[in-house]
Amino acid sequence: STFAQALEHYVPGFRRCNQDDLGNRQNVESLARQCLRDGLSVCIDRTNFDARQRATWINIAHEFPDTPAWVIVFDTPYEVCAQRLRERKDHPNIKTPEEGLSILARFRSQYQPPSAHEGFSRILYLRPSDHPSREYTQSDITEILRRVEATPPPTNTIDTYFTPQSSLGHSGRGYGGFRGRRYPGFRGAPGHVGYGRGAPTPNHQPQPYGQYDNDTRSERSDWRPQPTSGYSGGNVNSNWRQA
């Protein structure tokens, strides 16, 4: 959430969609879609801990042409997460450290690392050593976005994706995906962002989970930047520059 708040603050055109603030996943979905219709970028600020949870946001991304999903995994060790929960006093929903630790343990037992077959186009793992500070400056945000954009597309992708949770009736919380379109002051090809927060380091490999739909649009596994300029309703881009 600290990252998402800084992203929204420093990068015009990004909107943070946080489930703690909005109350449930359906409200997050609604806000994300509305922001994308308005030509904004979207940062999904929640803990999507498995492939089916992440599929909700990836499928929403695919509803908007030329809007690939990026994922940032905050690859934080379990004990570091636990210590932060013991110290945190301002969470809107978790009232005691014991409640937070119980939720963290459940997340660890259910966690599935992101896998290339899920349909995102970029992924970046951030470890505590990559950003020791608890705060994010404007230059920190700019550098992280550059690192995400510079990562190669995942290999071994497939062309069909998990059925979104909204069609299956699930309402659980999850681990990151943020997504969006180009925003003012940046230049380049349509892109967007995935974002994850607070997931403990996994102890197992990702496994296929859920059902697939029949969406076969190829840009999800073969994104190529195309030079454009100006503001046209969207994304973090290949050649973007800060205004």
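With full-length UniProt numbering as the guide, the letters of the sequence shown map in order to residues 1 to 243.
A virtual CB, placed ideally from N, CA and C, is assigned to each residue, including glycine.
As a quick exercise: from the options, pick the residue whose alpha carbon is nearest that of residue i.
i      : options                           : result
PRO97  : CYS35, THR142 and GLN83           : GLN83
ASP20  : THR155, ASP45, VAL80 and GLU8     : ASP45
THR151 : ALA55, CYS81 and VAL71            : VAL71
THR142 : ASP50, ALA6 and LEU104            : ALA6
LEU36  : ALA61, GLN26, ALA51 and PHE49     : ALA61
CYS17  : TYR10, SER1 and VAL11             : SER1
GLY13  : THR155, PRO65, GLY39 and PHE3     : GLY39
ARG146 : TYR136, ARG134, LEU124 and GLU118 : LEU124
GLU87  : ARG134, TYR10, PRO154 and ASN27   : ARG134
ALA69  : ILE94, VAL42, LYS89 and ASP50     : VAL42
PHE74  : SER139, GLN138 and ASN48          : ASN48
TYR78  : TYR111, PRO65 and ALA55           : TYR111
SER121 : THR155, ILE94, LYS89 and GLN53    : THR155
PRO113 : CYS81, SER139 and ALA51           : ALA51
ARG25  : ALA4, ARG54 and TYR10             : ARG54
SER115 : PRO153, ARG15 and TYR10           : PRO153
TYR10  : TYR136, LEU22 and GLU149          : TYR136
GLU118 : ILE58, LEU22, LYS89 and VAL148    : ILE58
In terms of residue numbering, what span does the alpha helix (DSSP H) encompassing residue i cover?
i      : result
PHE120 : Per DSSP, PHE120 belongs to no alpha helix (DSSP H) and is neither H nor E.
ARG108 : 97-110
So, helix, strand or coil for residue i, using DSSP?
i      : result
THR76  : strand
PHE49  : coil
ARG84  : helix
SER41  : strand
ARG147 : helix
GLU8   : helix
ASN18  : strand
PRO227 : In this prediction, PRO227 has a pLDDT of 33, which is less than 50 and means its spatial position is unreliable; what the coordinates show is noted afterwards. Residue state, collapsed to three classes: coil.
Residue i lies in the beta strand (DSSP E); which residues open and close that run?
i     : result
PHE64 : No beta strand (DSSP E) contains PHE64, which DSSP labels as neither H nor E.
If contact is defined by three or more beta carbon pairs under 8 Å, each pair taking one atom from either stretch, is the segment 95-115 in contact with the segment 127-145?
no
Below 8 Å, how does it come out for the segment 102-120 and the segment 26-40: are there three or more Cβ pairs, yes or no?
no
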